[in-house]
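Taking it in order: structure first as structure tokens, then the write-up.
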Amino acid sequence: MNGFTSTAKIGRKSTLNSLLVLGLRLIGKGFTAGKKLLCTVNLPFMSKSTFRRHEDQLLKAVRCAADKNMKEAATEVRTKTKTSSCGVSVDGTWQRRGHNSLNGCVSAISIDTGKVLDLEPMSLYCRYCDKKKNNDDHVCSNHVGSSASMETVGAYRIFDRSKQCKRLKYTKYYGDGDSNGFNAVKDIYGPDSVEKLECIGHDQKRVGSKMHKQCPKGGDSWCKYQRAVHEGKVFVDKSPGLPNDIINSIKTTYMSLCDSNLLSKCLHGKTQNNNKSFNNVIWTILPKETFVEMQSLTLGVNIAVLLFNSGNLGLLDVFKNLGVSLGQETVKNFSLMDSERVKSAKRHSLPTSKLSRKKGNLSKRLNY
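Taking the numbering used here, the leading residue of the sequence shown gets 4, the next gets one more, and so forth.
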């Protein structure tokens, strides 16, 4: 801020300005929101160029802290598994729905620890290149191609640097059944060196409830076929059924979902829920309705890594990298917020809470 300072300075830069930029990014806001806030409380605000300089400085500090955090997560995997080979859940997320998003991110999360090991923020847009401005000192886009191909390219980059940067080999790939990312990395350490395993959540959606052999047996079963078997009756389906033309059309897909090879890949019982949770953290910091360029995208996803892996206390390394002394209230309240988040997660994971949510969701669907 101009005119006065109540905090220490690093060179000619006020640490309060750097912390203000960090705080705005943590709540998913930027320059305009900060200007409105400080003008409302009758305080001066920095210029846009000054804001960008502080953001550049913050990006370096956050990226350094996130890299350190992910390396520690990789060390934790090696310590826990006693080997350098491990499984990762890979998933891509986009800022916009459909196949026209300019921004996306691919993450690899350890199946053993549930922490982010690596990620690849990706963008198709560069303002300087789009306007054909000669500016060598700028953060440019890092992807050429379709938005849909971001997941494939991002997965390849993550696997390609795993041995050098993380000292790990991702030999088990947990992903969507229709993911093209696996085809790009299956031979990356040698022929068929990566094994594909299915996310049971995705398969559950696709298979549905038509597989009578997998239905619960007995008179209390929800399956009419199994109840008839238990009662020694011949099951007669009184519904009109589907026309033969439609049955022949979908039979190939249905039989592929019943394939024993596919089902054997689901025996691990793993899902991509951690990736979905991490994606939610990203788009909380970078709201989907507000477009950002590569610099802000990279800043946001690296902040998300710190929050996801280590909670709010993970941000303390950012303060150290900025050369900012840690305040007592900062540490106390960050720790308090982490404790509250853990308590909330435990409460929501209770069987009674899960049952209550299921009843609520069912009620909404019936009313709809």
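Ideal Cβ placement from N, Cα and C applies to all residues, glycine included.
Item to complete: Within its chain, find whatever has a CB closer than 6 Å to the CB of Phe-322; leave out the 5 residues flanking it on each side and keep chain order.
Response: Your numbering for residue 322 matches position 319 in the sequence shown. Correct list, in chain order: Leu-329.
Worksheet entry | Ser-144 to Cys-129 span [Cα, whole Å] | Counting from 1 along the sequence shown, the entry for residue 144 is found at position 141. Counting from 1 along the sequence shown, the entry for residue 129 is found at position 126. Cα to Cα, the separation comes out at about 5 Å.
Worksheet item: Three-state secondary structure (DSSP) at Asn-106?
Response: On the sequence shown, residue 106 is found 103 positions in, with the first residue counted as 1. Correct three-state label for Asn-106: strand.
Discussion item. Pull the bridge partners of Ile-112 from the DSSP assignment, please.
Written reply: Stepping through the sequence shown from its first residue, residue 112 is reached at position 109. Looking at the DSSP assignment, Ile-112 forms a beta bridge with Ser-92 and Val-119.
Discussion item. Measuring straight from C-alpha to C-alpha, what distance separates Gly-107 and Met-49?
Written reply: For the purposes of this step, residue 107 is identified with residue 104 of the sequence shown, where counting begins at 1. For the purposes of this step, residue 49 is identified with residue 46 of the sequence shown, where counting begins at 1. Roughly 30 Å separates the two Cα atoms.
Discussion item. Suppose the cutoff is 6 Å on Cβ atoms and the five residues either side in sequence are ignored; what does the same chain contact list for Val-327 look like?
Written reply: Here residue 327 refers to the residue found at position 324 when the sequence shown is read from its first residue. Excluding sequence neighbours, Val-327 sits near Thr-18.
Worksheet item: Between Lys-172, Glu-198 and Asn-305, which lies nearest to Met-73 when the distance is taken from Cα to Cα?
Response: In the sequence shown, counting from the first residue as 1, residue 73 sits at position 70. When Lys-172, Glu-198 and Asn-305 are compared, the shortest CA-CA separation from Met-73 is found for Asn-305.
Item to complete: Please classify Trp-286: does DSSP put it in a helix, a strand, or coil?
Response: Numbered from 1 along the sequence shown, position 283 holds the residue referred to as residue 286. Reduced to three states, the DSSP call for Trp-286 is helix.
Worksheet item: Taking just the CA atoms, how far does Val-91 sit from Leu-122?
Response: Position 119 of the sequence shown holds residue 122. Position 88 of the sequence shown holds residue 91. Rounded to the nearest angstrom, the two C-alpha atoms are 12 Å apart.
Discussion item. Going by C-alpha to C-alpha distance, which of His-146, Leu-27 and Tyr-228 sits closest to Lys-241?
Written reply: Residue 241 sits at position 238 when you count from the first residue of the sequence shown. Out of His-146, Leu-27 and Tyr-228, Tyr-228 has the C-alpha closest to the C-alpha of Lys-241.
Worksheet item: Is the CB-CB distance between Ser-110 and Asn-276 below 8 Å?
Response: The sequence position of residue 110 within the sequence shown is 107, counting from 1. The sequence position of residue 276 within the sequence shown is 273, counting from 1. No.
Worksheet item: If you draw a straight line from the alpha carbon of Lys-166 to that of Ser-149, how long is it in whole angstroms?
Response: For this step, residue 166 is matched to residue 163 along the sequence shown. For this step, residue 149 is matched to residue 146 along the sequence shown. Their Cα atoms are separated by approximately 28 Å.
Item to complete: Could I get the ranges of all uninterrupted alpha helix (DSSP H) runs contained in the segment 275 to 362, with 4 residues as the minimum, in chain order?
Response: Runs of the alpha helix (DSSP H) lying entirely within the segment 275 to 362, each at least 4 residues long, are 276 to 288, 297 to 313, 319 to 325 and 331 to 351 in chain order.
Item to complete: Compare the C-alpha of Ser-52 against each of Leu-41, Gly-33 and Lys-63 and name the closest.
Response: The count along the sequence shown starts at 1 and reaches residue 52 at position 49. Considering only Leu-41, Gly-33 and Lys-63, the residue with the shortest C-alpha distance to Ser-52 is Gly-33.
Fill in: Inter-residue CB distance, Lys-172 and Tyr-192 (contact presumed, cutoff 8 Å)
The residue given as residue 172 occupies position 169 in the sequence shown. The residue given as residue 192 occupies position 189 in the sequence shown. Yes, they are in contact, since the Cβ atoms of Lys-172 and Tyr-192 sit about 6 Å apart, within 8 Å.
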